[in-house]
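Just remember that our numbering sits 20 ahead of the position in the sequence shown, which is counted from 1. Glycine included, C-beta positions come from ideal geometry on N, C-alpha and C. Nothing here was measured: the structure is a model prediction, and the numbers come from that model.
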Amino acid sequence: MRGTETKQSSMLCLMSPEDRVPSDHPLRRIKTLADAALRELSPTFDAMYSATGRPSIPPERLLKSTLLMALYSVRSERMFCEQLDYNLLYRWFLDMDMVEPSFDATAFTHNRTRLLAHDVAGKFFRAVVAQARAARLMSAEHFTVDGTLNRGLGQPQELQAQG
C-alpha cells in the first residue's frame, strides 16, 4: 500500500540527541576519548581565558569541531558551521542543545592564535594517542593513508603545472 506524504508545518518534540545516535556508532567511542582528553586540558583552558568579559565558544567545542571536520572531510569551517545548524550527529558530539544556534565560522579564526600559542591541538592529540595506546587500540601491524586530500603531491612537475 502506498503511504501518504504529510507536510510538516511545525514540530514539537521532546527527545534527547543521545537517543538518536545508535549505540554502536563509531563516534561514541571517539567522543569518550576526546572528552577525557579535553578534561585533562581544562587547566590549560583556564589559563588561556580571562574570568571576565564576553564568553567565547568553548575551546573544547572548537577542538571537537575540528575533529569532526577531519573525520567527515568537511572542507571548510564555514561549511561545518552551516552543517552544524542541521546535523543532529554533530550537535550530539559537541554537546549542543537542539535549539542552540550554530556558532559563526569566525570563531575558529578568533581563537586559533590563542590555541596555537598554548599548543592545545598538540596536547589534545597526545592525550588521545596516549589513551588509545593504553587501551591497546593502536597497532604497528599496518599503516593506511587516505590520499584523497593529497592531490598534486608526488606527481611529476609537468602534471602539476597542467592542474
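Q: Mind listing, in chain order, the continuous alpha helix (DSSP H) runs of no fewer than 4 residues lying wholly within the segment 85-159?
A: For the segment 85-159, whole alpha helix (DSSP H) runs of length 4 or above, ordered along the chain, are 97-104, 108-113, 126-137 and 140-154.
Q) When DSSP labels each residue in this structure, what does aspartate 44 get in the three-state scheme? A) Here aspartate 44 sits in coil by DSSP.
**Q.** Heavy atom of the ligand GDP within 8 Å of methionine 158 beta-carbon
**A.** As far as ligands go, the structure on display features none, and thus does not contain the ligand GDP.
Q) Between the Cα of leucine 47 and the Cα atoms of Gly142, Leu108 and Ala160, which residue gives the shortest distance? A) For leucine 47, the nearest C-alpha among the options comes from Leu108.
Q) Helix, strand or coil for lysine 184 per DSSP? A) Only positions 21 to 183 of the chain appear in this structure, which leaves residue 184 out of reach.
Q: Would you decide whether glutamate 38 is buried or exposed? Buried here means 16 or more other CB atoms lie within 10 Å of its CB.
A: With fewer than 16 other Cβ atoms within 10 Å, it is exposed.
Q.
Would alanine 67 and histidine 138 be called neighbours here (beta carbons separated by less than 9 Å)?
A. Yes, the pair counts as a contact, with Cβ atoms nearer than the cut-off.
Q.
If I measure Cβ to Cβ from arginine 22 and keep anything under 7 Å in the same chain, skipping five residues before and after, which residues do I get?
A. Correct list: empty, nothing qualifies.
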